[in-house]
Amino acid sequence: MTKQTSCDTFSSDRQRTVTANTMRLVILDEYDLASEWAAKYIRNRIIQFQPCAERYFTLGLPTGSTPYGCYQKLIEYYRSGDISFKYVKTFNMDEYVGLPRAHPESYHSYMWNNFFKHIDIDPANAHILDGNVEDLEAECQAYEQKIAEAGGIELFVGGIGPDGHIAFNEPGSSLVSRTRVKTLAKDTIVANARFFGNDLSKVPTMALTVGVGTVMDAKEVMILITGAHKAFALYKAIEEGVNHMWTVSAFQQHPRTIFVCDEDATLELRVKTVKYFKGLMHVHNKLVDPVLSIKDQ
Amino acid sequence: MPSNKSVSDAPITQFINCRILRDHQLQREDLWVRDGRILDPEKLFFDEQGYADKRVDCEGSIIAPGFIDVQINGGYGIDFSQASEDVVAGISFVAKKILEHGVTSFCPTLVTSPPAVYHKVLPQVKVHNGGAHGAGVLGFHLEGPFISLEKKGAHPEQFLRTFRSGGIEDVMEAYGSLDNVAMVTLAPELASSQSVVRELSKRGITVSLGHSVANLAQAEEAVKHGASFITHLFNAMLPFHHRDPGIVGLLTSDQVPAGRTVYYGMIADGIHTNPAALRIAHRAHPSGLVLVTDAITAMGLPPGRHTLGQQVIEIQGLNAYVAGCSVEEALEAASLHPAQLLGISHKKGNLDYGSDADLVLLDDGLNVSATYISGDEVWRRGP
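Printed below as a string of structure tokens:
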């Protein structure tokens, strides 16, 4: 008689959590609450999944100022012993081309300083595109391969640019695109200049990025959008049609999407839309309340 | 598995729950060590996919680079200037004891002595790394005999010398060998001293000005020729005068060549120098301050802690107080600045990646709780 491990019980649990196709717009009053809601959701998803050595939880991750608060909360949950990243594999969305990895603005630096160094993830499971290799296309293909080998992404967390882009899928990107090299749009370069001493000439002009199609392949997508400067992009993403000029709009056709915002990010939405989704918060909050902990296992 | 072993098999230690001195500030960061050196954890993570073998919980301690004492004449009953048969034993004894005060490297100092003493003592001690046996020896500091009669201080008058033969020949005759010498203190007003300054500097020996009645111009001349240190500022030199600040004036001199720094040693026990004077010096030139003990045998007091009447003064704690400087500045005066002075800051005196992992763990009162050399614990305070 074999002992039933937590891994054996997974399949029925998985069925329950992923068959319901949903689009949720979760609106919190302000940034810290939105960050916390998102972190709790990620925490619950990982713990419910009961990852183990035979079956890792694959998480897609973003960078930037928007997810910073969410990372801080996840680190807090790790420090309090409520969550572990031991059996989590991560795949970041993007990385600059030609920027030395040790540069403080590289996405490797961001992830190390703001997340990896504070948690117990196995370094071999933290994947980030390498923008300094000879053959960038091979690197992109290898990345897609690694995602496939990991069994696909369970939950892809992303942000949105002011121009409505997801990762570096700039306006005009194919909505079925895969991981590839992209030249950055002027808007993006300008938005990033503040990290390079406001010197436009120092901002990288190319990046490696997962494609819209790559993110669409994930079982679930969670987009974090905070701040008034993102309000117009959010409007375009969910109240207008699917359009490759606003690539986040592609997720209107994903079976399971959550947009987590603060009040300011909803400023360009119709009052009706906001009222409808705010009215659903008691339903949304069931996803994060009760918040689970590995201590209870 | 800690590392995919692509770079090294050696075990990796991670110091956690600590505040480390980096970029002139105390930062809440972990410190990583491998192969006796400070390790870059980000490179370890991404290049080697490695992580720590062992974690040391510092319980909130401060981690500073191990202290470097460039002027210490002995202690605990040992006098380095004695022409004993077994100088090595004496130096080793002191080297071991000073670990308790967080000193991980030092320059055993010899005061003015007859040539026989130098000829006997110098060859016995080589520059060597520290370890569990004691703090590392960076080389001798030879204070004298080429110093001023009027400012001999506690040095024996009969063994003072001048540069009779014109310079370096006198030096070689007096000392015998310069092989394990890190620093020489001399008086730059002595005739032919400038050529000596130049020659010693060329050989990589730090030249310090002290026990001297030099005026500012003579001191500046010596700096131009390579002098870079002032031995116990204020003591055994002419006092600051507003029309001729003397050696003290080097702190704000505009004649110091570009890119060079003049460092100055301070015995910050509150006794050798009035705290107000120490503060003036620090404010005038904070980046040049080097803490020294100038501890001697006769006092029988361990370096770092002086008893005076009813007072017990711990040198680190006192310095932070009397100088009115920050904790970071005080720690750098005892580690970074002496390393820069001796030209070894590429591997000692800081917690930069690649530097030797000579560390001192301190509590908020700057009391030493543990000392490490090359990543190994060499002393820990008992309970």
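Read top to bottom, the protein sequences are chains P and B.
Residues in the first sequence are numbered from 1 upward in steps of one, following the UniProt record's numbering.
Residues in the second sequence are numbered from 1 upward in steps of one, following the UniProt record's numbering.
All C-beta atoms in this analysis are idealised placements derived from N, C-alpha and C, irrespective of residue type, glycine included.
| Check | Outcome |
| --- | --- |
| In chain P, what lies closer than 7 Å to Y353/B by C-beta? | Simply none; closest approach about 10 Å. |
| Rounding to the nearest angstrom, what Cα-Cα distance links Y276/P and R270/P in this structure? | 10 Å |
| Tell me, which residues are paired with Q14/B by DSSP? | W32/B, R55/B |
| Which residues in the same chain as N243/P place their Cβ atom closer than 7 Å to its Cβ, once the five residues preceding and following it in sequence are excluded? | S249 |
| Label P257/B either buried or exposed according to how many other C-beta atoms from any shown protein chain fall within 10 Å of its C-beta, with 16 as the threshold for buried. | exposed |
| Count Cβ pairs between the stretch 20 to 36 of chain B and the stretch 66 to 77 of chain B that sit closer than 8 Å; are there 3 or more? | no |
| Can you list, in chain order, the residues of the stretch 94 to 106 of chain P whose Cβ is nearer than 8 Å to any Cβ on chain B? | R101, A102 |
| With 7 Å as the threshold, decide whether the Cβ of F46/B is near any Cβ in chain P. | yes |
| Excluding the 5 residues flanking R22/B on each side, which residues of the same chain have their C-beta closer than 6 Å to its C-beta? | L351 |
| So what does DSSP say about E377/B, is it helix, strand or coil? | strand |
| Have a look at K86/P and Y56/P and give me their C-alpha separation to the nearest angstrom. | 9 Å |
| On the premise that T104/B lies in contact with G130/B, defined as a C-beta separation below 8 Å, what is that separation, rounded to the nearest angstrom? | 6 Å |
| Could you tell me which chain B residues have their CB closer than 8 Å to the CB of A150/P, listed as they occur along the chain? | Within chain B, no residue comes near A150/P; the closest Cβ sits about 15 Å away, beyond 8 Å. |
| Report the rounded CA-to-CA distance for K295/P versus D82/P, giving the unit in angstroms. | 6 Å |
| Please report how far the alpha carbon of P114/B lies from the alpha carbon of A295/B, in whole angstroms. | 21 Å |
| Taking Cβ positions only, does Q49/B come closer than 7 Å to chain P? | yes |
| Please determine if the stretch 145 to 165 of chain P and the stretch 106 to 121 of chain P are in contact, where contact requires at least 3 C-beta pairs separated by less than 8 Å. | no |
| Pick out the complete alpha helix (DSSP H) segments inside the stretch 211 to 273 of chain P, 4 residues or longer, and give them in chain order. | 212 to 216, 231 to 238 |
| From what residue to what residue does the beta strand (DSSP E) around C107/B run? | 103 to 110 |
| For T252/B and P188/B, what's the separation of their Cα atoms in angstroms? | 18 Å |
| Leaving out five residues before and five after Q316/B in sequence, what residues of the same chain have Cβ atoms less than 6 Å from its Cβ? | Its pLDDT being 46, under 50, Q316/B is placed unreliably in this model, and the coordinates cannot settle the point. |
| Output yes if chain P places a C-beta closer than 7 Å to the C-beta of E42/B; else output no. | yes |
| Could you check which residue in T179/P, A167/P, R101/P has the C-alpha nearest to that of A138/P? | T179/P |
| Where do the N-terminal and C-terminal ends of the beta strand (DSSP E) with Q71/B fall, by residue? | 67 to 72 |
| Grouping DSSP H, G and I as helix and E and B as strand, with all else coil, what is S201/P? | helix |
| Return the CA-CA distance between A38/P and C70/P, expressed in angstroms with no decimal places. | 6 Å |
| What residues from the stretch 111 to 130 of chain P come within 7 Å of chain B, judged by C-beta to C-beta, listed N to C? | W112, F116, K117, P123, A124 |
| Name the two residues that bound the continuous alpha helix (DSSP H) containing L278/B. | 275 to 284 |
| For residue 298/P, tell me which candidate among S65/P, I47/P, T66/P has the shortest Cα-Cα distance. | The requested residue 298/P does not occur in the structure, where chain P is confined to residues 1 to 297. |
| Comparing alpha-carbon positions, which option in D363/B, G349/B, D364/B, P383/B lies nearest I373/B? | G349/B |
| Using beta carbons (cut-off 7 Å, strictly below), is H108/P in contact with chain B? | yes |
| So if DSSP puts N92/P in a beta bridge, which residue, or which two residues, is it bridged to? | L61/P |
| Buried or exposed: S11/P, going by 16 or more other Cβ atoms within 10 Å of its Cβ? | The pLDDT assigned to S11/P is 48, lower than 50, so where the model puts this residue is not dependable; a value taken from the coordinates is nonetheless given after this. So S11/P counts as exposed. |
| Please check the pair T112/B and G144/B, which I expect to be a contact at CB under 8 Å, by giving their CB distance rounded to whole angstroms. | 3 Å |
| Using only the alpha-carbon positions, how far apart do L99/B and E377/B sit? | 10 Å |
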